[in-house]
Each structure stands twice: as structure tokens, then as C-alpha cells.
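Residue 0 is where the sequence shown starts when you use numbering that gives the first Met the number 0, and the numbers rise one by one after that. Report on the structure given below.
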Amino acid sequence: MWDEKYSTDEFIFGTEPNEFLAANTDQLKPGSVLCLADGEGRNGVYLAKLGFEVTSVDLSEVGLQKARTLAEQNGVAIQTVCADLNDFAEEPNRWDNIVSIFCHLPPALRKKVHAAAAAALTDGGVFLLEAYTPRQLEMPGRGGPPVPELMYNADMLKNDFQTLDIFQALETEREVNEGTMHDGLSAVVQFIARK
Numbered sequence: 000m001w002d003e004k005y006s007t008d009e010f011i012f013g014t015e016p017n018e019f020l021a022a023n024t025d026q027l028k029p030g031s032v033l034c035l036a037d038g039e040g041r042n043g044v045y046l047a048k049l050g051f052e053v054t055s056v057d058l059s060e061v062g063l064q065k066a067r068t069l070a071e072q073n074g075v076a077i078q079t080v081c082a083d084l085n086d087f088a089e090e091p092n093r094w095d096n097i098v099s100i101f102c103h104l105p106p107a108l109r110k111k112v113h114a115a116a117a118a119a120l121t122d123g124g125v126f127l128l129e130a131y132t133p134r135q136l137e138m139p140g141r142g143g144p145p146v147p148e149l150m151y152n153a154d155m156l157k158n159d160f161q162t163l164d165i166f167q168a169l170e171t172e173r174e175v176n177e178g179t180m181h182d183g184l185s186a187v188v189q190f191i192a193r194k
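Right, dumping it as C-alpha cells:
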């Protein structure tokens, strides 16, 4: 499905970074970043331009090829890993930061990936996430999964990351203008936690 969506010259989520990520890069720990479901690479490339050592993981090789092209166009290098997050093993204490932008997973997989992410952070490492909440289904904006089961809320994330020091878990509405796939007034949850 994602290979097909990414099989166009257009960057369907744009080439600029997610606004929440860009506004909070000062919260990140210097060093390595794992970008979950990084697709065409806009967020990974942005972080690489800031000097982070970036690894982008995604299910779509087509998306990752576009990510490598975008990195080359911007004069930076990123590592890419084509993998299903159900099979992607995150080593404990491996990453200084993990970024999850609009990475919507079924409940069981979400819990598994989030538990692994918390363990995979180094001491002082940061987990940063923005995702759609179920209220998105009532919003005029375009974006997000078609069913509430794949969306997140603040309480869910607080529970998933209760082993971390949570310093933002905010449900809000904002204009999301990130390519043709995410556009308009949207309901999101913004989350930052530190190990």
C-alpha cells in the first residue's frame, strides 16, 4: 500500500519537517535519532541537516529511496532500514532520540513498539511524537487513519511511557499543512518524554 502511495514524483507529505518536531528540536539530546515510519524522509533529512546521526525506518522501500534522494539533494546522509515495525528489533540503550511523527499502529503493535522505544533510549534520551487523535475523524482537515483504533490520545501515551519522565502530553487542534496527505485543521496529540 505505502509503496503504491509513494510511487509518484511528488513528496506526498512534503519536504519540510513536521512543525511540532521543528519547534522542539531544542528538546532533543545531541547524537543519534531513530525516525519511526519516516516515509519519504522529510523529518530525518531535517534532523540530519541539524547535525544528528539519523536512521530512518519504514515499511516502504519506495519511500526510503525518496528519502535517500532528498538527503542527497540537501547534502546530508541518513541511514535507512526497510522493515515492518513488528519485526524491527530496537536494541536497549541504543538511541539518543526516537521520533514518531504520524506513525499510527494497531493497539497491540503500538504497545510493543512504544515499550521497545522506551527501553531503546540512552540515559537522557528523548521520545518525541505527534499523532492524530480520534477527534480527527470529526475535523475538516485531511489526514490520519480512517478508524479511531489506529489513533492515539494523551492518556494512552502516558500509560505507554510511564517509565519515562513525561513533560508534554497535549491534545490540541492545529493547522497541519504537510503535503497533500495532511492538510487543514486537525486534532493531534503532541508528546515529549525523557529517559
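Even for Gly, the Cβ is constructed at its ideal location relative to N, Cα and C.
- Message: For the beta strand (DSSP E) containing ALA130, name the first residue and the last one.
- Response: By 1-based counting over the sequence shown, the position of residue 130 is 131. Element bounds for ALA130: 120-131.
- Query: Relative to the alpha-carbon of VAL257, which residue among GLU172, GLU177, THR179 has its alpha-carbon at the smallest distance?
  - Reply: In the structure as shown, the chain starts at 0 and stops at 194, and residue 257 therefore has no counterpart that could be examined.
- Item | Where ARG93 sits in the DSSP three-state scheme | On the sequence shown, residue 93 is found 94 positions in, with the first residue counted as 1. In this structure, ARG93 counts as coil in the three-state DSSP scheme.
- Task: Look at the alpha carbon of GLU89 and the alpha carbon of LEU120, and state the distance between them as a whole number of angstroms.
- Result: One-based indexing of the sequence shown puts residue 89 at position 90. One-based indexing of the sequence shown puts residue 120 at position 121. So the two alpha carbons sit approximately 9 angstroms from each other.
- Terminal residues of the continuous beta strand (DSSP E) containing THR171? As a first step, residue 171 must be located in the sequence shown, where it is residue number 172. Its beta strand (DSSP E) spans residues 164-177.
- With 16 as the cutoff for other CB atoms within 10 Å, does GLN72 come out buried or exposed? Sequence index remark: in the sequence shown, residue 72 carries index 73 (1-based). When all chains shown are included, GLN72 counts as exposed.
- Query: Hey, GLY38 and PHE12 are a contact pair by Cβ (cut 8 angstroms); roughly how many whole angstroms apart?
  - Reply: Along the sequence shown, read from residue 1 onward, the residue named residue 38 stands at position 39. Along the sequence shown, read from residue 1 onward, the residue named residue 12 stands at position 13. 6 angstroms between Cβ atoms; contact.
- Message: Suppose you measure from the CA of GLY74 to the CA of ASN152; what does that come to, to the nearest Å?
- Response: Sequence index remark: in the sequence shown, residue 74 carries index 75 (1-based). Sequence index remark: in the sequence shown, residue 152 carries index 153 (1-based). Their backbone Cα atoms lie some 37 angstroms apart in a straight line.
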